[in-house]
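Novice:
Residue numbers (this note's numbering): 17 to 271.
(1) For residue 243, which of 231, 236, 267, 254 has the nearest alpha-carbon?
(2) Assign residue 179 to buried or exposed, taking buried as 16 or more other Cβ atoms, counted over all protein chains shown, within 10 Å of its Cβ.
(3) Decide if residue 38 is buried, meaning its Cβ has at least 16 other Cβ atoms within 10 Å, or exposed.
(4) Relative to the alpha-carbon of residue 118, which residue among 268, 183, 225, 150 has its alpha-carbon at the smallest distance?
(5) Nearest CA to the CA of residue 192: which residue from 204, 246, 245?
(6) Could you name the residues of the same chain whose beta carbon sits closer than 8 Å to that of residue 235, not counting the 5 residues immediately before and after it, in chain order?
(7) Determine the direct distance from the alpha carbon of residue 266 to that of residue 132, and round the result to whole angstroms.
(8) Counting along the chain, where does the beta strand (DSSP E) carrying residue 142 start and finish?
(9) Please classify residue 140: is it buried, with 16 or more other beta-carbons within 10 angstroms of its beta-carbon, or exposed?
(10) According to DSSP, simplified to helix, strand and coil, what is residue 16?
(11) Using the beta-carbon count (16 or more within 10 Å), is residue 152 buried or exposed?
(12) In three-state terms, what does DSSP make of residue 130?
(13) If you follow the beta strand (DSSP E) that residue 206 is part of, which residue opens it and which one closes it?
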């Protein structure tokens, strides 16, 4: 009996030892992943936000230095401090500076030498038609050679005045009826509004159709009158544009 019991006890001891080793090995394997997760993985910082208006945070009071030649960008919605602060309401760089043009009075000395009355009240008469037909202001400001001795002088009284232009000129005038230029203000002048059409308009230095060119016709004081649209020709008291009619005019001074 003692010889049989000894092997049995030894076999049981080996089985218990093997089970113990197996259990310890399984326990060690079960704990290894936990150790790896807690010791091998380095903590990662949250990615810096790139959305506009949410810059990456910096240490309080210690902003990240900018690289040489690459200044740090300004915060969204704020202009860099070096940008000029321009008030558009008073921006003078986009507006051209104002310049004034000096107006030059036309040289009318030749007209005065030829006996054409200037700066005084006159009748403007058709010289050779044998009739008394004066330039006159009619209904609605229409101007034509409808004036006669019986027409109110207020509407037939005219005056040649030297024109003021942006450049030098000769024998340019405006026709300013004295009665319509007595009050303070711009006054009224005879304008050449269309071929054969004359009207009384507010005087304006910029109105080219209010400037008339007097062309002397010999040494008798007669002259021709031309506007921007019309060369004055008169037939039976009306301005015409068919190339016919009388062109010679004269001034009759009103005493």
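We put the CB at the ideal spot given by N, CA and C, even for glycine. It should be emphasised that the depicted structure is a prediction, and the values quoted were computed from it without experimental measurement.
Specialist: Answer, in terms of the structure:
(1) Answer by Cα proximity: 231.
(2) So residue 179 ends up on the buried side.
(3) Reliability fails at residue 38, whose pLDDT of 42 lies under 50, so the model's placement of it is uncertain and the value that follows must be treated cautiously. Exposed, since its Cβ has fewer than 16 Cβ neighbours within 10 Å.
(4) Selected option, being the one with the closest Cα: 183.
(5) Selected option, being the one with the closest Cα: 204.
(6) Residues of the same chain with a CB within less than 8 Å of the CB of residue 235, apart from the 5 flanking positions on each side, are 130 in chain order.
(7) Roughly 7 Å separates the two Cα atoms.
(8) Segment 138 to 142, the beta strand (DSSP E) holding residue 142.
(9) Classification for residue 140: buried.
(10) Nothing in the structure corresponds to residue 16, since the chain is present only between 17 and 271.
(11) So residue 152 ends up on the buried side.
(12) Residue 130: coil per DSSP, three-state reduction.
(13) Element bounds for residue 206: 204 to 210.
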